[in-house]
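Peer 1: The structure that follows is given in the form of structure tokens.
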Amino acid sequence: MSIDTTQEEFAILQSRSHLDRLEAEAITIIREVVSGCESPVLLFSGGKDSAVLLWLAIKAFSPARLPFPVMHVDTGHNFPEVIEYRDEFVRKYNIELVVASVQESIDRGDIPDPGPTGSRNRQQAVTLLSAIRSNKFDAAFGGGRRDEDKARAKERILSFRDKKGGWEPRAQRPEPWNILNPRIVKGEHLRAFPISNWTELDIWEYIAREDIPLPSIYFSHERVVIERDGMLLSVGGPVVAEDDETPRKEVVRYRTVGDMSCTGAIRSEASSYDDVLAEVKTARITERGATRADDNFSESAMEDRKREGYF
Amino acid sequence: MSATATEQNTQVRIATIGSVDDGKSTLIGRLLHDSKGIFEDQLSAVSKASRRYGDGSFNLALLTDGLRAEREQGITIDVAYRYFATPKRSFVLADTPGHAQFTRNMVTGASVSDIAIVLVDARHGVVEQTRRHVSIAALLGVSHLILAVNKMDLVEWSESAFDEVVTDVAEILTTLESSVPLHAIPICATDGQNVVEKSVEASWYQGPSVLDLLETLDVAPVPTVGARLAVQWTLREHGGSDYRGYAGRLEGGVLRVGDAVTVHPKGNTSVVTGLTRAGSPTEIAVPGDAIAIELADDLDVGKFDVIVASAAVQPLDATNIVADVCWLVDTELKVGDSLIVRHPSGEAHGKVARILHRLDLDTLKNSSTDTLVLNDIARVAIQLKTPLVVDAYNSNRVGGSAIAIDPVTNATIGALMVVGQEDDRSLTPTKKASSTTTSPKKGVRGFVKDFFTLKVNEEF
Chain A
1 MSIDTTQEEF AILQSRSHLD RLEAEAITII REVVSGCESP VLLFSGGKDS
51 AVLLWLAIKA FSPARLPFPV MHVDTGHNFP EVIEYRDEFV RKYNIELVVA
101 SVQESIDRGD IPDPGPTGSR NRQQAVTLLS AIRSNKFDAA FGGGRRDEDK
151 ARAKERILSF RDKKGGWEPR AQRPEPWNIL NPRIVKGEHL RAFPISNWTE
201 LDIWEYIARE DIPLPSIYFS HERVVIERDG MLLSVGGPVV AEDDETPRKE
251 VVRYRTVGDM SCTGAIRSEA SSYDDVLAEV KTARITERGA TRADDNFSES
301 AMEDRKREGY F
Chain B
1 MSATATEQNT QVRIATIGSV DDGKSTLIGR LLHDSKGIFE DQLSAVSKAS
51 RRYGDGSFNL ALLTDGLRAE REQGITIDVA YRYFATPKRS FVLADTPGHA
101 QFTRNMVTGA SVSDIAIVLV DARHGVVEQT RRHVSIAALL GVSHLILAVN
151 KMDLVEWSES AFDEVVTDVA EILTTLESSV PLHAIPICAT DGQNVVEKSV
201 EASWYQGPSV LDLLETLDVA PVPTVGARLA VQWTLREHGG SDYRGYAGRL
251 EGGVLRVGDA VTVHPKGNTS VVTGLTRAGS PTEIAVPGDA IAIELADDLD
301 VGKFDVIVAS AAVQPLDATN IVADVCWLVD TELKVGDSLI VRHPSGEAHG
351 KVARILHRLD LDTLKNSSTD TLVLNDIARV AIQLKTPLVV DAYNSNRVGG
401 SAIAIDPVTN ATIGALMVVG QEDDRSLTPT KKASSTTTSP KKGVRGFVKD
451 FFTLKVNEEF
């Protein structure tokens with residue numbers, strides 16, 4: 001180290017934690033994308049990752065107002081608690097909200113109707129791409145993390161999408177020193193993943209440190225569920241109990257938030273940040289493995305969906 | 001100085017490098033597995049994939065080879081990032097491809113790493129790809145290089161086989177005049193000896209395991225050239241407030257409220273009246289912090305301007321830069337070619353004025369050439385239409401790095417490390433600091449001193 005560094009400065013340098021490093025990295029990426037793109041948008045599902053992302057974006061521009069809108073791709077199969085939370089969050093921080101509706105894509109005939117109980121998770125890509133086009137967004141921030149899935153582990157921070165919205169894993173732009181290349185031509189767009197390097201545990205430690213509000217379903221509560229394909233699905237909306245399935249009350253919470261039809265709850269008594277942190281630290285199954293039916297279809301499920309324009 | 005550090009969980013970034021089949025993905029799988037960084041459903045997915053793609057035995061490499069094509073071909077194509085933590089540190093690990101064809105992805109993975117682990121197969125020793133990767137890691141300025149001599153079981157844990165590899169790698173660093181510290185360990189990634197637990201078979205090796213080193217090597221960023229910040233965005237509060245904050249990431253040194261600053265390239269001066277770090281007011285910021293700076297004077301400052309502590313070593317306002325380049329694409333680069341240089345201080349159009357030399361990876365000597373091809377490492381002079389505010393890479397990694405972009409396709413085509421500017425005969429920053437508070441040290445923190453023999457100015 002430089003001999004001219006004072007004891008005080010050295011102490012401050014040493015005190016920056018892994019969360020500080022991740023936070024600074026994410027804020028730098030968010031600012032860089034806003035600076036390099038004409039019309040960015042932040043994809044906000046109401047889930048914990050997008051809550052952290054939005055929190056970081058607010059901090060990146062504070063005390064100025066967030067210089068871009070947020071967009072929710074609404075599958076129509078939402079947990080009511082999440083919609084309530086979404087609306088409260090954007091109202092409190094005076095953020096512009098765009099809602100892109102999967103139901104409207106179905107009504108327009110852009111995507112086949114999967115039926116009242118079918119999963120709309122994969123169909124979201126069509127709605128997302130059409131909303132990006134119609135709103136002329138050139139960059140979309142997402143809360144994707146590389147530790148979520150092996151295809152995500154290969155994704156760049158700035159992910160280039162061709163005119164069809166597709167992802168080509170073999171033609172990704174190198175990002176030495178995290179220097180991002182935001183140059184695109186009309187019709188192409190970028191996905192930006194500022195929290196690429198965060199793990200589920202980092203997310204929860206940061207949420208607890210910053211006291212970031214979350215939808216209530218992330219914490220322990222009673223819910224009527226059925227067990228299907230090893231998952232606890234909340235009965236209601238798109239989930240209807242079959243003849244051989246018995247709805248019953250369980251004490252559960254959600255580890256991820258997505259389409260009701262394919263997002264499973266876990267049995268849990270964790271009712272506070274600290275409880276959840278303790279639970280995450282001892283978890284032996286990944287969050288997607290535990291709670292997402294759609295990723296367990298095949299070992300390349302995520303890669304295939306990303307090629308089609310998924311988050 | 002005695003450390004007054006608090007017990008913080010610091011984050012360390014690692015890249016695994018080396019030739020194909022030397023066992024990089026297996027080593028990572030072992031690190032994740034033995035540090036309990038793998039979840040049960042991931043393990044069962046690996047078992048399933050092992051039956052499909054392998055000889056049936058449990059293949060740890062399938063943990064990181066996440067793309068379908070990678071599993072089918074049994075190779076790593078793209079960087080995979082993996083995360084694990086021990087009670088001492090948390091780690092971000094970039095598993096980079098060994099094939100020469102995918103070197104660009106290795107550059108990406110290693111450029112942001114604190115530590116590079118180079119894998120060498122004890123049976124085959126140092127091969128061209130090892131030389132290439134060690135050279136690039138040294139050039140990129142990792143803080144530490146761990147040499148993991150792998151597959152020691154297949155050479156019956158022979159000490160002389162190990163020594164031979166260590167000598168060869170040390171010689172590469174010596175030839176390159178690199179000062180990066182080298183730590184050599186004999187390992188067997190498949191059964192984990194000297195990865196997390198100590199080896200039972202290498203009685204002649206008493207040193208640390210790979211994980212021991214990862215947990216203890218010093219990687220903290222330290223002040224080098226003095227504080228500088230490339231402005232990314234100007235923050236303005238609406239509704240009557242006259243707040244104006246220049247947002248960016250601080251590099252190179254400590255900045256305090258009250259510090260005098262100079263704005264490059266215009267040269268205006270002012271004083272810091274306020275700082276925020278991640279949105280909250282602070283009196284002091286350190287390298288790596290994402291901050292916003294308020295200034296006393298209403299200056300014309302905007303995106304791409306660089307605010308520099310007046311007491312710091314001043315960066316170069318350069319239109320003729322000399323840089324080392326890793327060429328990342330199939331398209332050849334020739335003198336006269338146009339490109340865009342993207343750097344924190346701006347995006348400048350330019351053309352290649354000269355190719356000074358390329359590094360011959362067989363001899364590690366410089367040779368002359370008219371064109372660069374995929375994976376070449378070379379020194380070039382680039383003439384820019386507008387100035388960029390740069391540092392020499394060996395004094396400030398962020399201010400000295402840039403990418404080259406193809407102006408027609410928008411593809412990222414090169415990774416650039418600034419050496420200096422062409423009309424600067426000393427190739428050191430132009431103005432010396434007026435104060436000694438942040439004077440730079442050569443070779444600080446194991447940065448590569450000067451990758452090539454620094455005599456390019458004689459050729460101008």
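The listed protein sequences derive, respectively, from chains A and B. Residue numbers for the first sequence, in UniProt numbering: 1 to 311. Residue numbers for the second sequence, in UniProt numbering: 1 to 460. Even for Gly, the Cβ is constructed at its ideal location relative to N, Cα and C.
So with CB distances below 7 Å, who are the chain B contacts of threonine 5 (chain A)?
Peer 2: For the purposes of this step, residue 5 (chain A) is taken as the residue at position 5 of the first sequence. Chain B residues near threonine 5 (chain A): Val222, Pro223.
Peer 1: Is valine 134 (chain B) closer than 9 Å to leucine 328 (chain B) when the C-beta atoms are compared?
Peer 2: Looking up residue 328 (chain B) in the second sequence gives position 328. Looking up residue 134 (chain B) in the second sequence gives position 134. No, these two residues do not count as a Cβ contact at 9 Å.
Peer 1: Could you give the DSSP three-state label for aspartate 49 (chain A): helix, strand or coil?
Peer 2: Numbered from its first residue, the first sequence carries residue 49 (chain A) at position 49. Residue state, collapsed to three classes: helix.
Peer 1: Please state whether DSSP places threonine 256 (chain A) in a helix, a strand or coil.
Peer 2: In the first sequence, the residue the question calls residue 256 (chain A) occupies position 256. Note: threonine 256 (chain A) maps to coil in three-state DSSP.
Peer 1: Looking at the C-beta of alanine 153 (chain A), does it have a partner C-beta in chain B at a distance below 9 Å?
Peer 2: For the purposes of this step, residue 153 (chain A) is identified with residue 153 of the first sequence, where counting begins at 1. Closer than 9 Å to some Cβ of chain B, the Cβ of alanine 153 (chain A) qualifies, so yes.
Peer 1: Taking CB distances under 9 Å as the criterion, tell me whether tryptophan 167 (chain A) reaches chain B.
Peer 2: As a first step, residue 167 (chain A) must be located in the first sequence, where it is residue number 167. Tryptophan 167 (chain A) does not count as touching chain B.
Peer 1: Could you check which residue in B:Lys303, B:Ile340, B:Ser368 has the C-alpha nearest to that of alanine 230 (chain B)?
Peer 2: Here residue 230 (chain B) corresponds to residue number 230 of the second sequence, with the count starting at 1. Closest by alpha carbon: B:Lys303.
Peer 1: Let me see if you follow: with CB-CB separation under 9 Å, is serine 25 (chain B) close to chain A or not?
Peer 2: Here residue 25 (chain B) refers to the residue found at position 25 of the second sequence. No, no contact with chain A.
Peer 1: May I ask you to report which of helix, strand or coil DSSP gives arginine 30 (chain B)?
Peer 2: Residue numbering aside, residue 30 (chain B) sits at position 30 when the second sequence is read from its first letter. The answer is helix: DSSP assigns arginine 30 (chain B) an H, G or I state.
Peer 1: By the 7 Å beta-carbon criterion, what residues does the segment 186 to 219 of chain B contribute toward chain A?
Peer 2: Flagged: no residues at all.
Peer 1: Quick check on glutamate 148 (chain A): buried or exposed, where buried means 16 or more other Cβ atoms within 10 Å of its Cβ?
Peer 2: Within the first sequence, the letter at position 148 stands for residue 148 (chain A). Glutamate 148 (chain A) is buried by the Cβ-count criterion.
Peer 1: Does any residue of chain A have a CB that is nearer than 9 Å to the CB of valine 112 (chain B)?
Peer 2: By 1-based counting over the second sequence, the position of residue 112 (chain B) is 112. Taking Cβ atoms only, chain A reaches closer than 9 Å to valine 112 (chain B), which makes this a yes.
Peer 1: Find the residues of chain A that neighbour glutamate 237 (chain B), judging by a C-beta separation of less than 7 Å, and give them in chain order.
Peer 2: Reading the second sequence from its first residue, position 237 is the one you call residue 237 (chain B). What glutamate 237 (chain B) touches in chain A: Pro63, Ala64.
Peer 1: Can you give the beta carbon distance from leucine 214 (chain B) to phenylalanine 91 (chain B), rounded, assuming they're within the 8 Å contact cut?
Peer 2: For this step, residue 214 (chain B) is matched to residue 214 along the second sequence. For this step, residue 91 (chain B) is matched to residue 91 along the second sequence. That belief holds up - the Cβ atoms of leucine 214 (chain B) and phenylalanine 91 (chain B) are roughly 7 Å apart, short of 8 Å.
Peer 1: I need the boundaries of the beta strand (DSSP E) containing serine 294 (chain B), first residue and last residue.
Peer 2: Position 294 of the second sequence, counted from the start, is the residue given in the question as residue 294 (chain B). A small correction: the amino acid at residue 294 (chain B) is glutamate; serine does not occupy that position in the sequence shown. Run containing glutamate 294 (chain B): 290 to 295, per the beta strand (DSSP E) assignment.
Peer 1: Please list, in chain order, the residues of the segment 395 to 411 of chain B that have any C-beta partner in chain A closer than 8 Å.
Peer 2: Listed by position, the residues of the segment 395 to 411 of chain B near chain A (Cβ gap below 8 Å) are Arg397, Val398, Ser401, Ala402, Ile403, Ile405, Asn410, Ala411.
Peer 1: Which value, in whole angstroms, describes the spacing of the CA atoms of alanine 5 (chain B) and histidine 144 (chain B)?
Peer 2: Numbered from 1 along the second sequence, position 5 holds the residue referred to as residue 5 (chain B). Numbered from 1 along the second sequence, position 144 holds the residue referred to as residue 144 (chain B). Bear in mind that a pLDDT of 35 at alanine 5 (chain B), under 50, signals an unreliable position, so the model cannot answer this.
Peer 1: Tell me which residue opens and which closes the beta strand (DSSP E) that leucine 97 (chain A) is part of.
Peer 2: As a position in the first sequence, residue 97 (chain A) is number 97, starting the count at 1. It spans 97 to 101 - the beta strand (DSSP E) in which leucine 97 (chain A) sits, taken as one unbroken run.
Peer 1: With a 10 Å radius around its C-beta and 16 neighbouring C-beta atoms as the bar for buried, classify glutamine 129 (chain B) as buried or exposed.
Peer 2: Here the question's residue 129 (chain B) lines up with position 129 in the second sequence. With 16 or more Cβ atoms within 10 Å of its Cβ, glutamine 129 (chain B) is classed as buried.
Peer 1: What residues from the segment 297 to 308 of chain B come within 8 Å of chain A, judged by C-beta to C-beta, listed N to C?
Peer 2: Here the close residues are Lys303.
Peer 1: Just to make sure I have the definition right: I need the residues of chain C whose C-beta is within less than 9 Å of the C-beta of glycine 279 (chain B). Which are they?
Peer 2: Here chain C cannot be found, since the structure's protein chains are A and B.
Peer 1: List, in chain order, every chain A residue whose beta-carbon is nearer than 8 Å to that of tyrosine 246 (chain B).
Peer 2: As a first step, residue 246 (chain B) must be located in the second sequence, where it is residue number 246. Under the 8 Å cutoff, chain A gives no residues; its nearest Cβ is about 11 Å from tyrosine 246 (chain B).
Peer 1: Mapping the DSSP letters down to three states, classify lysine 431 (chain B) as helix, strand or coil.
Peer 2: Residue mapping note: residue 431 (chain B) aligns to position 431 of the second sequence, counting from 1. Summary for lysine 431 (chain B): the model assigns pLDDT 41, below 50, so the residue's position carries little reliability; its value from the coordinates is reported in the next sentence. Here lysine 431 (chain B) sits in coil by DSSP.
Peer 1: According to the Cβ coordinates, are alanine 60 (chain A) and alanine 278 (chain B) closer than 9 Å?
Peer 2: Here residue 60 (chain A) corresponds to residue number 60 of the first sequence, with the count starting at 1. Here residue 278 (chain B) corresponds to residue number 278 of the second sequence, with the count starting at 1. The answer is yes: Cβ separation under 9 Å.
Peer 1: Could you give the first and the last residue of the continuous beta strand (DSSP E) run that contains glutamine 421 (chain B)?
Peer 2: Within the second sequence, numbered from 1, the residue matching residue 421 (chain B) stands at position 421. Here the beta strand (DSSP E) through glutamine 421 (chain B) covers 412 to 421.
Peer 1: Quick check: alanine 26 (chain A) and methionine 71 (chain A), are their CB atoms within less than 9 Å of each other?
Peer 2: Walking along the first sequence from the start, residue 26 (chain A) turns up at place 26. Walking along the first sequence from the start, residue 71 (chain A) turns up at place 71. For alanine 26 (chain A) and methionine 71 (chain A), no; Cβs fall outside 9 Å.
Peer 1: Pull the bridge partners of aspartate 330 (chain B) from the DSSP assignment, please.
Peer 2: Sequence index remark: in the second sequence, residue 330 (chain B) carries index 330 (1-based). None; aspartate 330 (chain B) has no bridge partner.
Peer 1: At 9 Å on the CB atoms, spell out the chain B contacts of glutamate 84 (chain A), in chain order.
Peer 2: Translated into positions along the first sequence, residue 84 (chain A) becomes position 84. Result: empty, since nearest Cβ-Cβ is about 26 Å, beyond 9 Å.
Peer 1: Along chain A, which residues have their Cβ under 7 Å away from the Cβ of threonine 108 (chain B)?
Peer 2: Sequence index remark: in the second sequence, residue 108 (chain B) carries index 108 (1-based). Here the neighbours are Pro174, Glu175, Pro176.
Peer 1: What are the start and end residues of the alpha helix (DSSP H) that includes glycine 350 (chain B)?
Peer 2: Position 350 of the second sequence, counting from 1, holds the residue named residue 350 (chain B). Premise fails: glycine 350 (chain B) lies in the beta strand (DSSP E), 346 to 360, not in any alpha helix (DSSP H).
Peer 1: What residues of chain B sit near isoleucine 179 (chain A), judged by a beta carbon separation below 8 Å?
Peer 2: Within the first sequence, numbered from 1, the residue matching residue 179 (chain A) stands at position 179. Residues of chain B passing the Cβ test: Arg342, His343, Pro344, Ser401, Ala402, Ile403.
Peer 1: Quick one: is glutamine 206 (chain B) buried, meaning 16 or more other Cβ sit within 10 Å of its Cβ, or exposed?
Peer 2: In the second sequence, counting from the first residue as 1, residue 206 (chain B) sits at position 206. It counts as exposed.
Peer 1: Please tell me whether serine 105 (chain A) and valine 90 (chain A) are closer than 9 Å, where the distance is taken between their beta carbons.
Peer 2: By 1-based counting over the first sequence, the position of residue 105 (chain A) is 105. By 1-based counting over the first sequence, the position of residue 90 (chain A) is 90. No, Cβ-Cβ distance for serine 105 (chain A) and valine 90 (chain A) is not below 9 Å.
Peer 1: Which residues mark the beginning and the end of the alpha helix (DSSP H) in which asparagine 105 (chain B) is found?
Peer 2: Residue mapping note: residue 105 (chain B) aligns to position 105 of the second sequence, counting from 1. 103 to 111 is the extent of the alpha helix (DSSP H) around asparagine 105 (chain B).
Peer 1: When the Cα of valine 210 (chain B) is compared with those of B:Ile117, B:Ala411, B:Gly274, B:Glu171, which residue comes out closest?
Peer 2: Against the second sequence, residue 210 (chain B) aligns to sequence position 210. Comparing Cα positions, the closest option is B:Ile117.
Peer 1: In chain order, which beta strand (DSSP E) runs of at least 3 residues are fully inside the segment 206 to 283 of chain B?
Peer 2: Taking only runs of at least 3 residues, the beta strand (DSSP E) segments lying wholly in the segment 206 to 283 of chain B are 228 to 230, 233 to 236, 244 to 251, 260 to 264, 268 to 277, 280 to 282.
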